[in-house]
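Participant:
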Amino acid sequence: MSVRVRFAPSPTGYLHIGNVRTALFNFLFASRNNGELILRIEDTDQERSKPEYTQQIMKDLAWLGIRWNEGPDVGGKFGPYEQSKRLNHYRDAVNKLMEADRAYYCFCSTEDLDAIKKENQAKGLPPKYNNRCRGLEDSEVEAKIASGQKPSVRFMVEEGMLEFEDIIRGHVKFDMGLFGDFVILRPDGMPTFHLAVCVDDGLMKVTHVIRGEDHLPNTPRHIQLFRAMGFEPPKFAHLSLIMGKGGEPLSKRLGAMSVQEYTQTGYLPDVIDNYIALLGWAPGDNREIFKLKELEQTFSLDRVGKSASIFDLEKLNWLSGEHLRQLSDDEFVRKSVEYLELQNAMPKFADKSKLFGLILNFKDNIAHFDELIDRLAIFDPEAPMQDVEILKQPQAAEILIVLKEYFEALGASEVPNYEVLNQKLKASVTVKGKELFMPLRVALTFRAHGPELKRILPHMTKELCLKRIYAATSQHV
RNA sequence: GGCCCCCUCGUCUAGUGGUUAGGACGCUUGGUUCUCAACCAAGUAACACGGGUUCAACUCCCGUGGGGGCUACCA
Numbered sequence: 003m004s005v006r007v008r009f010a011p012s013p014t015g016y017l018h019i020g021n022v023r024t025a026l027f028n029f030l031f032a033s034r035n036n037g038e039l040i041l042r043i044e045d046t047d048q049e050r051s052k053p054e055y056t057q058q059i060m061k062d063l064a065w066l067g068i069r070w071n072e073g074p075d076v077g078g079k080f081g082p083y084e085q086s087k088r089l090n091h092y093r094d095a096v097n098k099l100m101e102a103d104r105a106y107y108c109f110c111s112t113e114d115l116d117a118i119k120k121e122n123q124a125k126g127l128p129p130k131y132n133n134r135c136r137g138l139e140d141s142e143v144e145a146k147i148a149s150g151q152k153p154s155v156r157f158m159v160e161e162g163m164l165e166f167e168d169i170i171r172g173h174v175k176f177d178m179g180l181f182g183d184f185v186i187l188r189p190d191g192m193p194t195f196h197l198a199v200c201v202d203d204g205l206m207k208v209t210h211v212i213r214g215e216d217h218l219p220n221t222p223r224h225i226q227l228f229r230a231m232g233f234e235p236p237k238f239a240h241l242s243l244i245m246g247k248g249g250e251p252l253s254k255r256l257g258a259m260s261v262q263e264y265t266q267t268g269y270l271p272d273v274i275d276n277y278i279a280l281l282g283w284a285p286g287d288n289r290e291i292f293k294l295k296e297l298e299q300t301f302s303l304d305r306v307g308k309s310a311s312i313f314d315l316e317k318l319n320w321l322s323g324e325h326l327r328q329l330s331d332d333e334f335v336r337k338s339v340e341y342l343e344l345q346n347a348m349p350k351f352a353d354k355s356k357l358f359g360l361i362l363n364f365k366d367n368i369a370h371f372d373e374l375i376d377r378l379a380i381f382d383p384e385a386p387m388q389d390v391e392i393l394k395q396p397q398a399a400e401i402l403i404v405l406k407e408y409f410e411a412l413g414a415s416e417v418p419n420y421e422v423l424n425q426k427l428k429a430s431v432t433v434k435g436k437e438l439f440m441p442l443r444v445a446l447t448f449r450a451h452g453p454e455l456k457r458i459l460p461h462m463t464k465e466l467c468l469k470r471i472y473a474a475t476s477q478h479v
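Next up, the structure:
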């Protein structure tokens, strides 16, 4: 049977690193095994789910290069793929479970439940529901409903040890006597996550459930549910969690940046995929740089580790630089321009024909595209002066004089020539090395750092250089 | 509190009874260079702890400690 996996986010927020890894691993596993990936939207929490999140999640996944075979947008044989549109299925399932005597109405209020929990805790007992509505007579149930009480429906948990093989964790076992009966249908008729997941995974013929480790304790419940509904439970693989810098859980603000923030910073999608794949997975041969396509061919679940990992921005940045340097010049510039356009940060001082040359200067210098915006300022006639204190050193004056002479003599549309300028400077200026080049650089670019002058000079104009030289001279005097 | 999962350099990891415990990021130093970056070279640093099992444990078992998760009519 062919592999069918799913990524099932709830649209209650944007995709963050943790989500992305689950999505990516599902995608890679499907891809590697020529299987199918289902995108299913778990929007049973009416309060918190928002359609715009669904849209953004799909956009982000697409940006990352994660492709799905079935989903809300592309459809499929087992749709619909939004749980809010599958209520009939959950209703059916509940009816069948009730008929089979595996589910029952529960009239306990939130206060009742709290009291039970507190009592159990005080006695040091497992904090489980005491199943007290299990024994309700049909007549009692009818009376309560007739009196206007809205019941929830609980699943009857079978006691005993439940054991299963997790692809990542290995053999896992739980004592089901420690679990109380759990709610599968809320009083308002909406299913809970447990029911919806099992019904859908069953109906959609999911073969492997790859999800976060936070779901590990849910799995024995789900296995019982699957069986009670007549489904063969899928295989499970529980991924360890990703932590923040200090090892604390990845929270919304700390490091759990949304995909969009990475897009804005100017990382390539391949970089994010590559870095996240390396969190918990290693090919075993010390290789670290992968394009998504290569991951699709290399990934396997049995090389996924068990321990939680910390998200490290430094390494992400290194990886990003590596990817950028592997791009061809054309690709680098094309993607740079794409980024600048998307961020509405296209330089106004250069037309597109010139831009190629300007941008290419920074290919070896940046880790992500947003650095480009600032770096490009060395070509911007409107860019403010920076680092001009370097011009205070006494030797700067003679350098400025030579510069002025050279550029004033230059034809209006003539390209500045590094060699010629250099000869002139060598001939008439006493300083050399750093003492020559630093003031020179600052006078021409207004920045103490940047690509080699030799590289950038051909991209500068007489007008721009003179403007800066005059400004620098007046500053110096 | 109860149950479950996890534990190799600061970080990501390789390793499956016998290794000088390997690689990468970071950091340090040197090289290159007009600067920054990049690049090259070298260096730094780890098996959480305590008991077993064994001729031999990072590897297996048991405890302790630490971290995390679940314990919702959230997913």
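When we follow the working numbering, the leftmost residue of the first sequence carries the number 3, and every step to the right adds one.
Cβ atoms here follow ideal geometry from the backbone N, Cα and C, with glycine treated the same way.
Keep in mind the model is a prediction, meaning the values are calculated, not measured.
(1) Measure the CB-CB distance between A64 and I43 and report whether it falls below 9 Å.
(2) Starting from A399, trace the alpha helix (DSSP H) both ways and give me its first and last residue.
(3) Exposed or buried, what is D190 when buried is set at 16 or more other beta-carbons lying within 10 Å of its beta-carbon?
(4) May I have the straight-line CA-CA distance separating R457 from F301, to the nearest angstrom?
(5) On a CA-only basis, which of R305, E298 and F371 is nearest D287? Give me that one, please.
(6) Pick helix, strand or coil for E38, following the three-state DSSP scheme.
(7) Given a cut-off of 9 Å on the beta-carbon distance, is the pair M192 and Q226 in contact?
(8) Can you tell me which of Q123, D140 and I68 puts its alpha carbon nearest to the alpha carbon of Y107?
(9) Would you say P453 and Y420 are within 9 Å of each other, going by their C-beta atoms?
(10) Going by DSSP in three states, G172 sits in which element: helix, strand or coil?
(11) So, under 8 Å CB-CB, S242 and S311 are touching, yes? Tell me the CB distance rounded to an integer number of Å.
(12) Starting from K207, trace the alpha helix (DSSP H) both ways and give me its first and last residue.
(13) Based on Cα-Cα distance, which residue from F157, Q151 and G249 lies nearest to E101?
(14) Please work out which residues of its chain come closer than 6 Å, Cβ to Cβ, to K293, disregarding the five sequence neighbours upstream and downstream, and give them in chain order.
(15) According to the Cβ coordinates, are L342 and L374 closer than 9 Å?
(16) CA-CA distance, V143 and A32?
(17) Are the beta-carbon atoms belonging to Q388 and F351 less than 9 Å from one another?
(18) Starting from Y420, follow its DSSP beta bridges and name the residues at the other end.
(19) According to DSSP, is A69 helix, strand or coil?
(20) Where does H18 land, buried or exposed, given buried means 16+ other C-beta within 10 angstroms?
(21) Measure the C-alpha to C-alpha separation of F29 and L39 and round it to an integer number of angstroms.
(22) Is D62 closer than 9 Å to Q262 when the C-beta atoms are compared?
(23) Thinking just about the alpha-carbon of each residue, which of S415, K436 and D202 is nearest to the one in D94?
(24) Buried or exposed: R443, going by 16 or more other Cβ atoms within 10 Å of its Cβ?
(25) Skipping 5 residues on each side, what residues in its chain have a beta carbon closer than 8 Å to that of M245?
(26) Decide if the stretch 428-437 is in contact with the stretch 386-401; the criterion is three or more beta carbon pairs, one per stretch, under 8 Å apart.
(27) Alpha carbon to alpha carbon, what distance is there between V208 and F233?
(28) Output the distance between the C-alpha atoms of A279 and A105, rounded to the nearest integer angstrom.
(29) D216 by DSSP, collapsed to three states: which one?
(30) For K428, name the three-state secondary structure that DSSP assigns.
(31) Whole angstroms are fine: how far does the CA of A284 sit from the CA of H224?
(32) Does the count of Cβ pairs from the stretch 357-374 and the stretch 318-329 closer than 8 Å reach three?
(33) Which same chain residues, not among the five before or five after G15, have their C-beta less than 7 Å away from its C-beta?
(34) Should D45 be labelled buried (16 or more other beta-carbon atoms within 10 Å of its own) or exposed?
(35) Cβ atoms of L378 and F358: under 9 Å apart, would you say?
(36) With burial defined as no fewer than 16 other Cβ atoms inside 10 Å of the residue's Cβ, what is the status of T112: buried or exposed?
Facilitator: So, to answer that:
(1) In the first sequence, counting from the first residue as 1, residue 64 sits at position 62. In the first sequence, counting from the first residue as 1, residue 43 sits at position 41. No, the Cβ-Cβ distance between A64 and I43 is not below 9 Å.
(2) Here residue 399 refers to the residue found at position 397 when the first sequence is read from its first residue. Where A399 is concerned, the enclosing alpha helix (DSSP H) starts and stops at A398 to A411.
(3) For this step, residue 190 is matched to residue 188 along the first sequence. In summary, D190 is exposed, with fewer than 16 beta-carbon neighbours lying within 10 Å of its beta-carbon over all protein chains present.
(4) As a position in the first sequence, residue 457 is number 455, starting the count at 1. As a position in the first sequence, residue 301 is number 299, starting the count at 1. Each residue's Cα considered, the two are about 41 Å apart.
(5) Here the question's residue 287 lines up with position 285 in the first sequence. Minimum Cα distance to D287 is reached at R305.
(6) Locating residue 38 in the first sequence gives position 36, counting from the first residue. Strand.
(7) Within the first sequence, the letter at position 190 stands for residue 192. Within the first sequence, the letter at position 224 stands for residue 226. No, they are not a contact pair.
(8) Along the first sequence, read from residue 1 onward, the residue named residue 107 stands at position 105. Ranking Q123, D140 and I68 by Cα distance to Y107 puts D140 first.
(9) Locating residue 453 in the first sequence gives position 451, counting from the first residue. Locating residue 420 in the first sequence gives position 418, counting from the first residue. No, these two residues do not count as a Cβ contact at 9 Å.
(10) Locating residue 172 in the first sequence gives position 170, counting from the first residue. Of the three classes helix, strand and coil, the one that applies to G172 here is strand, per DSSP.
(11) Indexing the first sequence from 1 puts residue 242 at position 240. Indexing the first sequence from 1 puts residue 311 at position 309. That pair is a contact at about 7 Å.
(12) Your numbering for residue 207 matches position 205 in the first sequence. Where K207 is concerned, there is no enclosing alpha helix (DSSP H), given that its DSSP letter is neither H nor E.
(13) For the purposes of this step, residue 101 is identified with residue 99 of the first sequence, where counting begins at 1. Closest option to E101, Cα to Cα, is F157.
(14) Start at 1 with the first residue of the first sequence, and residue 293 comes out as number 291. The residues are D272.
(15) Within the first sequence, numbered from 1, the residue matching residue 342 stands at position 340. Within the first sequence, numbered from 1, the residue matching residue 374 stands at position 372. Result yes, Cβ atoms of L342 and L374 sit closer than 9 Å.
(16) Start at 1 with the first residue of the first sequence, and residue 143 comes out as number 141. Start at 1 with the first residue of the first sequence, and residue 32 comes out as number 30. Going from the Cα of V143 to the Cα of A32 covers about 46 Å.
(17) For this step, residue 388 is matched to residue 386 along the first sequence. For this step, residue 351 is matched to residue 349 along the first sequence. No, they are not a contact pair.
(18) Within the first sequence, residue 420 is the residue found at index 418, counting from 1. Per DSSP, none; premise fails for Y420.
(19) Walking along the first sequence from the start, residue 69 turns up at place 67. Reading the sequence as shown, one finds Arg at residue 69 and not Ala. R69 falls in the coil class under three-state DSSP.
(20) Mapped onto the first sequence, residue 18 falls at position 16. Flag for H18 reads buried.
(21) Taking the first residue of the first sequence as position 1, residue 29 is located at position 27. Taking the first residue of the first sequence as position 1, residue 39 is located at position 37. C-alpha separation (whole angstroms): 6 Å.
(22) Taking the first sequence and counting its residues from 1, one reaches residue 262 at position 260. Taking the first sequence and counting its residues from 1, one reaches residue 62 at position 60. Result yes, Cβ atoms of Q262 and D62 sit closer than 9 Å.
(23) Within the first sequence, residue 94 is the residue found at index 92, counting from 1. The residue with the shortest Cα to Cα distance from D94 is D202.
(24) Here residue 443 refers to the residue found at position 441 of the first sequence. With 16 or more Cβ atoms within 10 Å of its Cβ, R443 is classed as buried.
(25) Position 243 of the first sequence holds residue 245. Answer for M245: P251, L252, A310, S311, I312 and F313, listed in chain order.
(26) yes
(27) Numbered from 1 along the first sequence, position 231 holds the residue referred to as residue 233. Numbered from 1 along the first sequence, position 206 holds the residue referred to as residue 208. As the crow flies, the alpha-carbon of F233 is around 10 Å from that of V208.
(28) The count along the first sequence starts at 1 and reaches residue 279 at position 277. The count along the first sequence starts at 1 and reaches residue 105 at position 103. Going from the Cα of A279 to the Cα of A105 covers about 41 Å.
(29) Along the first sequence, one-based indexing puts residue 216 at 214. Helix.
(30) Position 426 of the first sequence, counted from the first residue, corresponds to residue 428. Reduced to three states, the DSSP call for K428 is helix.
(31) As a first step, residue 224 must be located in the first sequence, where it is residue number 222. As a first step, residue 284 must be located in the first sequence, where it is residue number 282. Those two C-alpha atoms are separated by around 30 Å.
(32) yes
(33) Translated into positions along the first sequence, residue 15 becomes position 13. Only Y55 meet the Cβ criterion.
(34) Start at 1 with the first residue of the first sequence, and residue 45 comes out as number 43. Within 10 angstroms of the beta-carbon of D45 lie 16 or more other beta-carbons, which makes it buried.
(35) Position 356 of the first sequence holds residue 358. Position 376 of the first sequence holds residue 378. It is not a contact, given that the beta carbons lie outside the stated cut-off.
(36) Indexing the first sequence from 1 puts residue 112 at position 110. Its Cβ having fewer than 16 others within 10 Å, T112 is exposed.
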